[in-house]
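The block underneath contains the structure these notes are about, expressed in C-alpha cells.
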Amino acid sequence: MATAQDRAQAPGSGLNDDIGEAKRLAMYRSQLRIREAEQRAYDLFLQNLVKGTSHLSLGQEAVASGFAEAMQKGDLSFCTYRGHAHTLARCVSVEKVLGELMQRDNGLMRGKGGSMHLTSEEHGVMGSYAIIGAHLPIACGAAWRAQYKGDKDVSVCFFGDGTTNIGAFHEALNFAAIWKLPVVFVCENNLYMEYTPIGDVTAVPHPAADRAGSYGLERIIIDGNDADVVYRTAQRAFSRARAGEGPSLIEALTYRHSGHSRADPAKYRPEGELEKWKQRDPIKIYRERLQQFGVSDKVIAEIDASVRQEVDDATETCKAAPMPPADILTTDVYADGGWAWRN
Amino acid sequence: MATAQDRAQAPGSGLNDDIGEAKRLAMYRSQLRIREAEQRAYDLFLQNLVKGTSHLSLGQEAVASGFAEAMQKGDLSFCTYRGHAHTLARCVSVEKVLGELMQRDNGLMRGKGGSMHLTSEEHGVMGSYAIIGAHLPIACGAAWRAQYKGDKDVSVCFFGDGTTNIGAFHEALNFAAIWKLPVVFVCENNLYMEYTPIGDVTAVPHPAADRAGSYGLERIIIDGNDADVVYRTAQRAFSRARAGEGPSLIEALTYRHSGHSRADPAKYRPEGELEKWKQRDPIKIYRERLQQFGVSDKVIAEIDASVRQEVDDATETCKAAPMPPADILTTDVYADGGWAWRN
Amino acid sequence: MPEITYRDAVIRGIAQEMARDNDVVFLGEDVAKAGGVFKATVGLYEQFGPLRVRDTPISEQAILGAAMGAAMTGLKPIAEIMFSDFFAVCFDYIANEFPKSRYMSNGQTKCPLVVRTGNGAGSRFGAQHSQSVENWCMMIPGLKVVAPSSPVDVIGLLAAAVRDPDPVIFLEHKSLYATKGEVPDGEIVDRLGTAKIVRPGRDATILALALMVPRAVEAAERLKAEHGIDCEVIDVRSLVPLDTQTILASVAKTHRLFTVEENPRLCGWGAEIVSIVADEAFYDLDGPPVRITTPHIPLPAADILEDMVLPTAERIVETVRRSLQS
Amino acid sequence: MPEITYRDAVIRGIAQEMARDNDVVFLGEDVAKAGGVFKATVGLYEQFGPLRVRDTPISEQAILGAAMGAAMTGLKPIAEIMFSDFFAVCFDYIANEFPKSRYMSNGQTKCPLVVRTGNGAGSRFGAQHSQSVENWCMMIPGLKVVAPSSPVDVIGLLAAAVRDPDPVIFLEHKSLYATKGEVPDGEIVDRLGTAKIVRPGRDATILALALMVPRAVEAAERLKAEHGIDCEVIDVRSLVPLDTQTILASVAKTHRLFTVEENPRLCGWGAEIVSIVADEAFYDLDGPPVRITTPHIPLPAADILEDMVLPTAERIVETVRRSLQS
Ligand SMILES: Cc1ncc(C[n+]2csc(CCOP(=O)(O)OP(=O)(O)O)c2C)c(N)n1
Ligand SMILES: Cc1ncc(C[n+]2csc(CCOP(=O)(O)OP(=O)(O)O)c2C)c(N)n1
Ligand SMILES: [Mg+2]
Ligand SMILES: [Mg+2]
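Chains as they are written, first to last, in the numbering used here: chain A, 1 to 343; chain B, 1 to 343; chain C, 1 to 326; chain D, 1 to 326.
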C-alpha cells in the first residue's frame, strides 16, 4: 500500500490546474462509464445473461481513464482478461463490450473471443490477453515497430501485481530497456493475485516498482485512485517514450471492489479493507475534484444521466441482439478468412 | 568487470590464514584437474575423439573448485551444459567425464546424456541442464525438500551471465526468496552469452548482482578467479542457507579462455582482452598463493604430476573403452527400466 | 454406494495419498488457503497444514521446476497448473526436463511427481482457457498421461499416479467437476495403463476420454435403441501407458473403430490409435476407422458456438450410423 | 545450375526477402554480429544493418512476443529460435498467442511472421538439442508449418513463408545445413501447402520430410534395384497446409502407404496422415499403412546410439520389403 512518502513522490498533487476542465470532465465521464458498465455486467451475470467468466475493474477506473485520456490516436493499449475498463476507456461502445460479455452477435468479436479477449484495433485496443504476462513482450514488439518506422506512438501495457512474478515480465522489461522501446508498463497493484495477497508470494513490498532497478528504470509508485495523478504520470512517461528515452514501469496503487472474477465472493479480504478503500473510491474522489474546481452539480448530474442512458440503451440492445450465427464458427482462423488446413 | 570497489567488497583478501593448507592444496589440485581435463577434452576433440558439442570452463576453474571445496557431503550441485568443471570438482573421475565426452560405454551416463548433461548423483551432481535457466527452479525444489525434511544440505546452482535474462531466472529467485529456501545461486559472469557481450543485451552492468534487490537479496560481486575468495563467499552463503536465512545470489567475475563451445574461435573478443584475463589465470594466481603460504615447489610439482597422470590414464582408458552397446538404447526411460508406453 | 462429485473426488484422492505418505506435498496457485479456483482442493490446507499444502506466485516454471527438484531428491510432489492451457508457459519442464532426466542420466535421476490440471472446454472461457491438451503430453516420450472420466476413477488413478515412480500428467476435466458418481468407502487405488470397457457391444468400438465418455455412452444407448447398432464403448483413461490390448481385442471383435476426441483434429490421440489399429489390425477392420474430433480451430467463447464444436452424442450417433450403414 | 548449401540457402532466402521488403526485420540470439550459431545468417547484419538484423538476450519469450507485436502492427518479422527444442520455453506464443489472436478477435488481429529454427537430430547433441518438434506445431490450430529438405526449397518456401499473412513455423534441419543442391539464379518463390513427388513410382507411396527425404529416396532406389519394388517418394514439405490431394492421389495409384518420420512415434504427422488415408482411402489400401519413426524415447547423445534410433534407408528398405512381400 502507498506510504505517505510514496504518495509524496507522485507527480502532481491534483490541485494545481494544468489539466483543465475539458480533460477533467472527460475523465469523470470515462470513469463513470466504466463503473456503470461493469456494474451492469455484474447485474447481467446475476441474471445469467453474461456468460463465461468476467473480471471487473470496479474501483480501478482511475487507472484506465487517466491513461486513456493521456493517450493520443495511434497509441496502443494492451490489456489483460481484466480489460473491460481499458477497452471502454479507449471509447469502445458499451454495447459492443456488453454484447461480447453476453456472447451476442453484436459483441466486439461477435462472441468468438469473450470477456477475456476484448480487442478493438480501430480504437487502439490491441487485444486482451488471458495468459498472465504474455502481452508484455507483445507490447514491446508493437513499440519496436513504432521505433523502427519512426512513428511517435506509444504502446501501453496494463497488468496486475501478480503478473510481476512470471518470467515473461522479466524478459519484456529487460528487452524494452536495452532496445529503448517506447512502451509504458503499468502495474495495477490491487493487492491480490486472484485470492492470494500479493505480499505472500512476492519477495519485495512493491512488486513492480521495487524491481525497476533490475532494468535500469526509475522507481515509480503512484496513487492509482486519483485520475489526475494517473494522467500526469502517464503524460510524463509518454513524453519520455516519444522522445526516444525508452520504457517506463509504473506501479499504480489501487483496489478492486468486486471479487477476482465473477464467482468470487472475496472472503479472503481482511475485515475493513474494502470499506477503507471505498472511502478512496476513484469516482468519489473525482466527483469531489470536479466540485473543488467549480464544476456545477448540474453538469455532473447531466454526465451521470447520459452515462446511465448509454448503459441502459446498450443493455436493451444487447438483450435483443441475436446469438452469433453458426457460419462464423470457422471463419478468420487464417488470413484468407477460412480455416482450411488441407486442400 | 570488477571495479576496485567491488573487489574490496569481496569477503577475505586471500592473505589471512583462515583456510589452511589442506584445503588450499585440495583447491589447487581441484583447479588443476579441471584445467588438465578440459584441455585434454579439447585435444581429443581436435583428434575427433570427443564428439557432439562441448563447453569448456578453461579459465573459470576457481569458481567450481572454491564452491565444491566449501560443500559438504549431501550438498547438491546443479550445473549447466558448461558443467564438466563442476562435475570434476565434486570428485567425479576424469575417466567418467572424458568417457562421456568420447561417448563411450565407460562414460558417466554411458553416452546416453553427453557432454551437456553430466550427472553423478552419488557425488551430489544432480544434473547438467542444457536449456538455459531450467535448473534454477529445479534447484529450488531440491532445497525445498531439504527444508521440508529438516536436512541441512544446500542446493548450489551454477549458471552464466546470459542466463539472467530468461524468465526462469526471475521466477526461481522470487520463489526461493519467499520460501526462504536453502539454495545458493552462482552466476559465473564470463562477460559473454555465447558470442554476444553480455552488456549488449542486459539493462544493468551486473546481470545478477544488480538484480538481487528484486528478490530482497544482498548484492554480492566477487573475484571469481581467486579460489580463496570464492571459497569464503561460498561458506558465508552456505551458513546462511543452513541457518534458515534463505537464498543467496552471487555474481563471480571470471572469463573463459576458450570459445563458447568446441567450434568457436571466439573472434568477437576485443583485442587484448584474453591476454589481460590470462594474467589473472586462476591456476597462476593459486600457484602463487601456495608459494606465498610457503608450500614448496616440490609439493606443487607432485600435485601437477599426479593430476597429469590421472588425466593421461583416463585418456588411455577411454580410448580403449568400448562404445555403448545397442541394448541400452531403450533402457531407463521409465522407472521400471524400460520404455514401454503400451501393453 | 455413496455418490460424490468429481470435484470432491479430487480432494479425497489427494487427501488419501497425503494421509498415507508424508513425502507427498502439494503446491500451486491459490490452492491452499483459497482451496483452488475450481474448489477442487478445499480443506487440504486445513488438514495437512502450511508446510505440505502451499500457495505459490504466478510462476508456473517455478512450480514445475520446484516439483521436479523435490521429486528428484525424495519427495512426491503434486503440482497444480490451474488451466492446462498454461502448460504452454512451463512446457520446458513437461517436454524437456521431467521426461528426459532419467534417460539422459542413464537411470540415475528419478522424477516421481504428478501434475494436476483443469483441462477441456464447456465453460465458455474462450480459446486460452478451454483447450484439451492431452496430445501435447502424449507426444512427449517419458511421460505418463491420465484423464479420468468419473469420480471413482479420479481417486483411483490419482492414487496410482502419486504412487507411480514416473512423472504423470493428470488431466481433470473442468466440465466434469460438478458431475457425480458412486464411490465406495475406504482406500481406492487403480492401475495406470488400463482402459475400461464401460459398455460392451458387438457392432463397433467407440473410444473416448474424459468428457467424451458420457457422450459416447449416451450415443451408444441411442444407436442401440434407435438404430439397432450395438457399440462397445471404451474409456481409454490412460493415454500413456496405452492399453492397446483392450483396444485391439475390441476391434478384433467389432471390426469397426471410432474415436471421440475433444482435442483439435490434427495429431490427436485418435490419430495415434487409428494408426496403431490400421497397422496392426488392418485385416480386422470391415470399414474405415473414423475420428470424431473438435474441428482444427481455436475454441470460440460464446456458448452457442462452443456447443457446436465439441463432439456431441448427436454427432457420434450420426457418424457411426452413416459409416455402418454405408 | 549453381550448387549451394542448405545453410547458404537460408541466408539467401532471408536476404531476398529483406531486400524486397523493408518491413521484413530479423531478430534472434547471436544472429546478427556473429552470424548465427549454425552460420546460417552470416552477412545479413552487414548487408541490412543493425536496425533490421538484431541480436537479442536469451529471452525466447521476448523474442517471439516482440515478433508478434511487430507483426500485429505492420512489420513482417523473422524470429530465430536457435534450437527447436527451445520452443518449450516460449511455447505460449506458438500455442496460445500467434495462432489464436486472429480468430479470437474475429479477424481484427493479423500475425504475419516467421519463426525459423534448427530442428532435428544427427549432431550428437543429446536429448535437449536434437528433437524433431514438427508435431508440436502441427497439432496447434492456426499455425502453418513448413520443413524444407533441399536448398532450393529453403529459399522458395522461406520466401513464401515471409510473404504469407499467417504465422509460419519454418523448421530447418540441422543435419542438412551442410548439404548441397542446385539452385537457379534470381528470385525464387514457392507455394506453401504443396507436396512434391521427388521420385515417381507405382508399388508404394513413401512420405518423408526434411532429413528423411534423402533417406527415403535412397531407400526407394535400393528397393527398385535390389527388390524390384517401385516406390513413389513424396516430400511432404508443408505439414500445414497439408497437400492431401497429392498424398491421396498417390495412394490411389500405389495402394500402399509408408510414412518416414524423425519425430518420436506417438502423435506424429505420420499418425495424422495415416488416419486421413485410413478414413478417406480405406478401400484404396491393399495392406496396412505403416509408420517408420524414431522410437518413442528421448534421444541419446552418443553417435553410435543416435544413429540407431533415427529411421535409416536400411530400415525403410526392410520395412517396405517385408510389408509388400508378406
Ligand atoms: C500463466 C497464467 N497463470 C495463471 C493464470 C490464472 N490467473 C488469472 S488472473 C490471475 C491473477 C492475476 O493477478 P494480477 O496480476 O494481480 O492481476 P489482477 O487479476 O489482480 O488484475 C491468475 C493467477 C493465468 N491466467 N495465466
Ligand atoms: C533456452 C535456451 N536458449 C538458448 C540456448 C542456447 N545457448 C546455449 S549457451 C548460451 C549462452 C549462455 O550464456 P551464459 O548464461 O552467459 O553462460 P556461459 O555459456 O557463458 O557459461 C545460449 C544462448 C539454450 N541452451 N537454451
Ligand atoms: Mg492483482
Ligand atoms: Mg557467459
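Cβ atoms here follow ideal geometry from the backbone N, Cα and C, with glycine treated the same way. Model, not experiment: these values are computed from the prediction.
Residues in the region 154-174 of chain B having any Cβ partner in chain A nearer than 8 Å:
N165, I166, G167, A168, F169, H170, E171, L173 and N174
*M1 (chain C) versus L217 (chain B) - alpha carbon distance*: Residue 1 (chain C) sits at position 1 when you count from the first residue of the third sequence. Residue 217 (chain B) sits at position 217 when you count from the first residue of the second sequence. About 55 Å.
Pairwise C-alpha distance: S261 (chain A) and D6 (chain B): Residue 6 (chain B) sits at position 6 when you count from the first residue of the second sequence. Residue 261 (chain A) sits at position 261 when you count from the first residue of the first sequence. Here D6 (chain B) scores only 42 on pLDDT, less than 50, and its place in the model is too uncertain to base an answer on.
Give me the Cα-Cα distance between Y103 (chain C) and T164 (chain A), rounded to the nearest whole angstrom. As a working mapping, residue 103 (chain C) is identified with position 103 in the third sequence. As a working mapping, residue 164 (chain A) is identified with position 164 in the first sequence. Y103 (chain C) and T164 (chain A): Cα-Cα distance of roughly 35 Å.
Check: What residues come near ligand 2, if near means a beta carbon less than 7 Å from any of its heavy atoms?
Finding: B:H55, B:T80, B:Y81, B:R82, B:A130, B:I131, B:I132, B:G133, B:F159, B:G160, B:D161, B:G162, B:T163, B:I166, B:E188, B:N190, B:Y192, B:M193, B:E194, B:I198, B:R256, B:H260, D:E29, D:D30, D:I58, D:E60, D:M82, D:F83, D:F86 and D:V89
* To do: State the DSSP-derived secondary structure class of I343 (chain C), mapped to helix, strand or coil.
  => Because residue 343 (chain C) is not part of the residues shown, which for chain C are 1 to 326, the question remains open.
### Query
Going by alpha carbons, who is nearest to V152 (chain C) out of C:D164, C:S130, C:T312 and C:Y177?
The sequence position of residue 152 (chain C) within the third sequence is 152, counting from 1. Ranking the options by Cα distance to V152 (chain C), first place goes to C:Y177.
Give me, in chain order, the residues of the same chain whose beta-carbon lies closer than 6 Å to that of A219 (chain D); leave out the 5 immediate sequence neighbours on both sides.
Taking the fourth sequence and counting its residues from 1, the one referred to as residue 219 (chain D) is at position 219. For A219 (chain D), where only same-chain residues beyond five positions count, the Cβ hits under 6 Å are A313, I316 and V317.
Fill in: Backbone CA spacing between R269 (chain A) and I58 (chain C) [nearest angstrom]
In the first sequence, the residue the question calls residue 269 (chain A) occupies position 269. In the third sequence, the residue the question calls residue 58 (chain C) occupies position 58. Roughly 19 Å between the two C-alpha positions.
What does C187 (chain A) pair with, by DSSP beta-bridge criteria?
Against the first sequence, residue 187 (chain A) aligns to sequence position 187. Paired residues: A:F159 and A:E251.
- request: Write down the C-beta distance between I155 (chain C) and V198 (chain C) rounded to the nearest angstrom, noting that I regard them as a contact closer than 8 Å.
  value: Taking the third sequence and counting its residues from 1, the one referred to as residue 155 (chain C) is at position 155. Taking the third sequence and counting its residues from 1, the one referred to as residue 198 (chain C) is at position 198. I155 (chain C) to V198 (chain C), Cβ: 17 Å. No contact.
(Q) Does the structure place the region 177-191 of chain C close enough to the region 71-85 of chain C that three or more beta carbon pairs sit under 8 Å? (A) no
inquiry  = Using a Cβ distance threshold of 8 Å, determine whether the region 323-333 of chain B contacts the region 282-301 of chain D, with at least three qualifying pairs required.
reply    = yes
query = Is I247 (chain D) near C231 (chain D), with beta carbons less than 8 Å apart?
reply = For this step, residue 247 (chain D) is matched to residue 247 along the fourth sequence. For this step, residue 231 (chain D) is matched to residue 231 along the fourth sequence. Their beta carbons are not under 8 Å apart, which means I247 (chain D) does not touch C231 (chain D) by this criterion.
Excluding sequence positions up to five away, which residues of its chain have a Cβ less than 6 Å from the Cβ of E17 (chain C)? Within the third sequence, residue 17 (chain C) is the residue found at index 17, counting from 1. For E17 (chain C), where only same-chain residues beyond five positions count, the Cβ hits under 6 Å are V24, A159 and V162.
Can at least three beta-carbon pairs, one atom from the region 111-122 of chain D and one from the region 311-320 of chain A, be found at a separation below 8 Å? no
Who are the near neighbours of K284 (chain A) in its chain, counting only those whose CB is closer than 6 Å to its CB and skipping five residues on each side?
-> Sequence index remark: in the first sequence, residue 284 (chain A) carries index 284 (1-based). Cβ within range, chain order: n/a, list empty.
In whole angstroms, what is the alpha-carbon distance linking F38 (chain C) and P311 (chain D)?
In the third sequence, the residue the question calls residue 38 (chain C) occupies position 38. In the fourth sequence, the residue the question calls residue 311 (chain D) occupies position 311. Going by the C-alpha atoms only, they are around 45 Å apart.
Cβ closer than 7 Å: which chain B residues qualify as neighbours of G142 (chain C)? Stepping through the third sequence from its first residue, residue 142 (chain C) is reached at position 142. By Cβ distance, chain B contributes V333.
Quick one: does H173 (chain C) have its CB under 8 Å from some CB of chain A?
Residue 173 (chain C) sits at position 173 when you count from the first residue of the third sequence. For H173 (chain C), the answer is no, since every Cβ of chain A falls outside 8 Å of its Cβ.
Just list the alpha helix (DSSP H) runs in the region 199-285 of chain A, keeping only unbroken ones of 4 residues or longer that don't cross its boundaries, in chain order.
227-242 and 273-278
Any idea if G133 (chain A) is buried or exposed, counting beta-carbon neighbours within 10 angstroms, 16 or more meaning buried? For the purposes of this step, residue 133 (chain A) is taken as the residue at position 133 of the first sequence. Buried, by the Cβ-count rule.
- Query: For the putative contact between Y334 (chain B) and D166 (chain C), defined by C-beta atoms under 8 Å, what is the C-beta separation to the nearest angstrom?
  - Reply: Here the question's residue 334 (chain B) lines up with position 334 in the second sequence. Here the question's residue 166 (chain C) lines up with position 166 in the third sequence. Going by Cβ atoms, the distance from Y334 (chain B) to D166 (chain C) rounds to 5 Å, so yes, they are a contact pair.
Assuming V63 (chain B) and V229 (chain B) are in contact, meaning their beta carbons sit under 8 Å apart, how far apart are those beta carbons, in whole angstroms?
Residue numbering aside, residue 63 (chain B) sits at position 63 when the second sequence is read from its first letter. Residue numbering aside, residue 229 (chain B) sits at position 229 when the second sequence is read from its first letter. 10 Å between Cβ atoms; not a contact.
- prompt: How far does the beta strand (DSSP E) with R199 (chain D) in it reach, from first residue to last?
  reply: Against the fourth sequence, residue 199 (chain D) aligns to sequence position 199. Residues K196 to R199.
> How close, in whole Å, do the beta carbons of K112 (chain A) and L305 (chain C) come, if the pair is a contact with beta carbons under 8 Å?
Replying inline: Numbered from 1 along the first sequence, position 112 holds the residue referred to as residue 112 (chain A). Numbered from 1 along the third sequence, position 305 holds the residue referred to as residue 305 (chain C). Going by Cβ atoms, the distance from K112 (chain A) to L305 (chain C) rounds to 7 Å, so yes, they are a contact pair.
- Query: How many angstroms separate the CA atom of D210 (chain A) from the CA atom of R211 (chain B)?
  - Reply: On the first sequence, residue 210 (chain A) is found 210 positions in, with the first residue counted as 1. On the second sequence, residue 211 (chain B) is found 211 positions in, with the first residue counted as 1. Whole-angstrom Cα-Cα distance: 10 Å.
*asked:* Distance check for S214 (chain A) and F78 (chain B), CA to CA, integer angstroms please.
replied: Indexing the second sequence from 1 puts residue 78 (chain B) at position 78. Indexing the first sequence from 1 puts residue 214 (chain A) at position 214. Rounded to whole angstroms, F78 (chain B) to S214 (chain A) spans 25 Å at the Cα level.
Problem - Cβ pair E261 (chain D), W269 (chain D) closer than 8 Å - result: As a position in the fourth sequence, residue 261 (chain D) is number 261, starting the count at 1. As a position in the fourth sequence, residue 269 (chain D) is number 269, starting the count at 1. In this structure, W269 (chain D) lies closer than 8 Å to E261 (chain D) by Cβ.
### Message
Nearest by alpha-carbon distance to R52 (chain D): which of D:G65, D:K33, D:A40 and D:A62 is it?
### Response
Here residue 52 (chain D) refers to the residue found at position 52 of the fourth sequence. Nearest C-alpha to R52 (chain D): D:K33.
Report task. Give the range of the beta strand (DSSP E) segment to which P327 (chain C) is assigned. Result -> Look at the range of chain C in this structure, 1 to 326, and you will see that residue 327 (chain C) is not part of it.
TODO: Could you round the C-beta distance between V328 (chain D) and L242 (chain D) to whole angstroms and report it? I think they count as a contact, below 8 Å.
DONE: The requested residue 328 (chain D) does not occur in the structure, where chain D is confined to residues 1 to 326.
Please state if the CB of L56 (chain B) and the CB of H86 (chain B) are separated by a distance shorter than 8 Å.
-> Within the second sequence, residue 86 (chain B) is the residue found at index 86, counting from 1. Within the second sequence, residue 56 (chain B) is the residue found at index 56, counting from 1. It is not a contact, given that the beta carbons lie outside the stated cut-off.
**Asked** Does DSSP classify C267 (chain C) as helix, strand or coil?
**Response** Against the third sequence, residue 267 (chain C) aligns to sequence position 267. Coil at C267 (chain C), not helix or strand.
Among the residues of its own chain, which have a CB less than 7 Å from the CB of E97 (chain C), if the five just before and after it don't count?
Numbered from 1 along the third sequence, position 97 holds the residue referred to as residue 97 (chain C). Contacts found: M68.
Sequence ranges, beta strand (DSSP E) only - wholly within the region 94-139 of chain C, length at least 3 = 114-119
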